[in-house]
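Residues 1166 to 1541 (the numbering used here) make up the sequence shown, in order.
Even glycine gets a Cβ: it sits at the ideal position worked out from N, Cα and C.
Quick caveat, the model's predicted, so the values are computed rather than measured.
Beneath this line is the structure, given in structure tokens, with notes to follow.
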Amino acid sequence: MTRVLRLTAPGAALALLGLTGATAPAGAAGVAGTAALPVTVYVANQGSGTVTPIRAATNRPGRAINTHGANSITATPDGRTVYVGSFGPDTVTPIPVATNRPGRAIKVSGADDLLVTPDGKTLYAVGGLGDMTPIRVATNMPGKTIRTGADPFGPHSVAITPNGRTLYLLNFLGGTVIPVRTASNTVGTAIKVGSDPAAIAITPNGKTAYVANSGSGTVTPISTASGTAGPAIKVGSDPLALVITPNGKTVYVANSVSGTVTPIRTATNKAGRAIPASAGAMAITPDGKIVLVAASAGGHVVTPIRTATNKAGRPIRVGLGPVAIAITPDGRTAYVANIGNGRVQGHTVTSIRIATLRAGSAIRVGLDPIDLVIVR
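In structure tokens:
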């Protein structure tokens, strides 16, 4: 959006908005797959309360889908259903991809972040107070609300281990990560990390979760086997997003205030030399060769970083306020949601050809596109 991010936005706005593009497990946030349907980008437009489908083959937007609120978005692993969260009425709306007609809204305790388990059986909606609502995908029926004990009102992003057994909820104001066992939906002992944890990613082998602590300028590694935190890794100022290479060897951390990206070798948990790049939302190509980093608050560019050399390439001009990035499963095209800057409302998505690292024409969507997911 997993959240891969659950993506995960520029600057401090990312944490406050609770975006998922930065919080998904390793890889590009928001990619789901099945061979039965064409590749489609679904864009959640916060300002207009709609979802815009874009056919990747043509980059033409389809008719807007009215969901009466659109603040977060995800999809089932088989690509058959897109789920849209709204924290106005606190609902989740299912959209069958075959028809693009919204189903009945599901009442939840909040929908700041959405995550579907790897087996596609359960959707978890995370509310602004840190409570979670499990929803059975087969029936779209919500289960009993999970009270996590997280401090209220801070952004609460979520990630899940590749085996689907444990969720990890970021408790922003509390400076902790809260584990939840999916088999029983029971809450475990909170794990102390740095101040203001804003993003989380889990290695492909499921052994380590990495947490970016925006308040302390550190990343905390957590052993998923023992639930214990390792020594904090110093990075740049205000780390708000991170991605992990598909081979699990390197974590890339976007430091918003310092305008850098810090690589961390997972074998040693040592930070490498900072890479200059205006840093906000992130995504990584499926082959792990290129990291795309959106500009921090109010910027107009996405910067490519080649992982073989850890050098930043020429910035790619996109729309105002790139807030979320998703990459197609074949790794050929990235899509960037441009939300604006608070004074000017965004209304476009920019496509980027990975082979040339050049942007295509802006694609018109609804107001304030805040998140996106790609299904096929």
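Is the Cβ-Cβ distance between residue i and residue j less than 7 Å?
i       : j       : result
Pro1480 : Asn1503 : no
Ile1528 : Asn1224 : yes
Thr1256 : Tyr1248 : no
Val1208 : Leu1532 : no
Val1408 : Ile1449 : yes
Leu1338 : Val1323 : no
Val1376 : Ile1398 : no
Arg1228 : Thr1205 : no
Val1483 : Val1467 : yes
Phe1360 : Asn1378 : Just to set this straight, residue 1360 is Ser in the shown sequence, not Phe. Yes, these two residues count as a Cβ contact at 7 Å.
Helix, strand or coil for residue i per DSSP?
i       : result
Asp1536 : strand
Gly1505 : strand
Gln1510 : strand
Leu1338 : coil
Ala1235 : coil
Gly1250 : strand
Asn1370 : coil
Val1466 : strand
Gly1484 : coil
Ser1388 : strand
Gly1525 : strand
Lys1454 : coil
Ala1222 : coil
Ala1197 : Residue placement at Ala1197 is flagged as unreliable, the pLDDT there being 46, under the threshold of 50; a coordinate-derived value is accordingly withheld.
Pro1327 : coil
Asp1495 : coil
Pro1261 : strand
Val1530 : coil
Asn1378 : strand
Ala1363 : strand
Thr1205 : strand
Buried or exposed for residue i, please, with buried defined as at least 16 other CB atoms from any protein chain shown within 10 angstroms of its CB.
i       : result
Pro1275 : According to the sequence provided, residue 1275 is Gly. The question's Pro does not apply to it. So Gly1275 counts as buried.
Phe1318 : exposed
Asp1277 : buried
Ala1473 : exposed
Val1509 : exposed
Thr1215 : buried
Asn1336 : buried
Thr1331 : buried
Arg1541 : buried
Met1306 : exposed
Val1456 : buried
Ala1374 : buried
Pro1396 : exposed
Ser1213 : buried
Ser1421 : buried
Figure out for me which residue from the options has the closest Cα to the Cα of residue i.
i       : options                               : result
Gly1413 : Asn1434, Gly1424 and Leu1405          : Asn1434
Pro1404 : Ala1460, Arg1541, Ile1387 and Gly1382 : Gly1382
Gly1463 : Asp1495, Gly1507 and Thr1515          : Gly1507
Thr1232 : Ala1459, Pro1259, Met1297 and Pro1451 : Pro1259
Thr1368 : Gly1308, Thr1347, Arg1523 and Ile1325 : Ile1325
Gly1424 : Ala1444, Ala1406 and Arg1438          : Ala1444
Met1447 : Thr1431, Thr1427 and Ile1387          : Thr1427
Thr1310 : Val1345, Pro1320, Thr1304 and Ala1303 : Val1345
Ile1356 : Ala1436, Gly1371 and Val1342          : Val1342
Thr1410 : Pro1451, Ala1460, Gly1293 and Ala1290 : Pro1451
Thr1264 : Arg1245, Thr1347, Ile1517 and Phe1252 : Arg1245
Thr1304 : Gly1285, Gly1525 and Val1514          : Gly1285
Ser1461 : Ala1489, Asp1296 and Pro1242          : Ala1489
Mind pulling the beta strand (DSSP E) runs of 3 or more residues that sit fully within the stretch 1284-1308? 1287-1291 and 1297-1301
Run through the stretch 1380-1433 for me and flag every whole beta strand (DSSP E) of 3 or more residues, listed as ranges in chain order. 1383-1388, 1404-1409, 1415-1420 and 1425-1430
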